[in-house]
Structures are given as C-alpha cells and as structure tokens.
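K.L.:
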Amino acid sequence: MKSTAVRVCQNCGEKWSVWETWKKELSFKDKECNHCGEKQYMTAATKWLNVIWCILSVVIVLQVKEKTSVPLSFIFPVVLFLFSVGSSSLIRLSNEKQEI
C-alpha cells in the first residue's frame with residue numbers, strides 16, 4: 018500500500034506522529050514502523066528538503082545575528098528547534114533506501 022502522504026509507513030499505511038518521527042530522526046538509527054516493525058527510509062526528496070532546511074537555517078541564524086544584538090547562544094537553539102519540527106513534519110517514507 019503506497020502512499021504519498023507525509024510520515025506514512027509504506028508497508029502498513031499507518032501515519033507516524035510528528036513526535037514519533039522526530040524521535041526516530043534524532044536517533045540516527047534505521048527507522049522501524051511502530052505498527053508493523055518494517056524498516057522505513059527517508060525518500061531522496063525528503064533528504065534534499067533537509068539539505069535546503071539546513072542551508073536556510075544557517076542563513077537565518079547569520080541574518081538575525083547580523084541585524085540584531087540577540088546572542089548566538091539564543092538564536093541557534095531556536096532555529097535548530099524550528100528546523101527539527103519543520104523537517105519532521107514533512108518527511109516522506111519509503112521501503113527502499115534512496116541515495117541523494
């Protein structure tokens with residue numbers, strides 16, 4: 018059962034929560050579906066989206082630092098949190114490992 022929806026297991030069709038996805042993404046391990054146990058991988062498009070998110074995050078941090086007196090120690094965690102939540106909510110899964 019293939020689905021193009023975000024955070025949906027391509028084996029059983031169950032949708033992953035943002036929290037569940039975020040936890041698995043930060044663990045750096047193979048992502049197994051909590052419902053069926055099958056390994057799921059990020060699609061190549063999702064990996065590219067993460068690269069774009071990273072670049073945008075760096076640009077945002079640099080722009081905010083340049084234009085304000087807000088310390089980097091505050092800016093960086095906020096942008097990192099927004100990046101993590103944003104990227105987790107846009108993940109598409111695949112049964113096969115895809116290279117970018």
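Per my numbering: the sequence shown = residues 18 to 117. All C-beta atoms in this analysis are idealised placements derived from N, C-alpha and C, irrespective of residue type, glycine included. Keep in mind that this is a model prediction, so the values were computed, not measured.
(1) Can you tell me where the alpha helix (DSSP H) with Lys56 in it begins and where it stops?
(2) Report back the beta-carbon spacing between Cys53 and Cys26 to the nearest angstrom; my notes put them in contact at under 8 Å.
(3) Is the beta carbon of Ser111 less than 8 Å from the beta carbon of Thr60?
(4) Based on Cα-Cα distance, which residue from Glu37, Ala62, Lys84, Val75 lies nearest to Gln115?
(5) In angstroms with no decimal places, state the Cα-to-Cα distance between Thr85 and Asn67.
(6) Taking just the CA atoms, how far does Glu113 sit from Leu97?
(7) By how many angstroms is the C-alpha of Ser90 removed from the C-alpha of Glu55?
(8) Would you call Ile117 buried or exposed, if buried means 16 or more other Cβ atoms sit within 10 Å of its Cβ?
P.N.:
With the given structure in hand:
(1) Careful: Lys56 lies outside any alpha helix (DSSP H), inside the beta strand (DSSP E) at 56-59.
(2) 6 Å
(3) In contact: Ser111 and Thr60 (Cβ atoms closer than 8 Å).
(4) Ala62
(5) For Thr85 and Asn67, the distance between alpha carbons rounds to 26 Å.
(6) Rounded to the nearest whole angstrom, the C-alpha separation of Leu97 and Glu113 is 28 Å.
(7) 39 Å
(8) exposed
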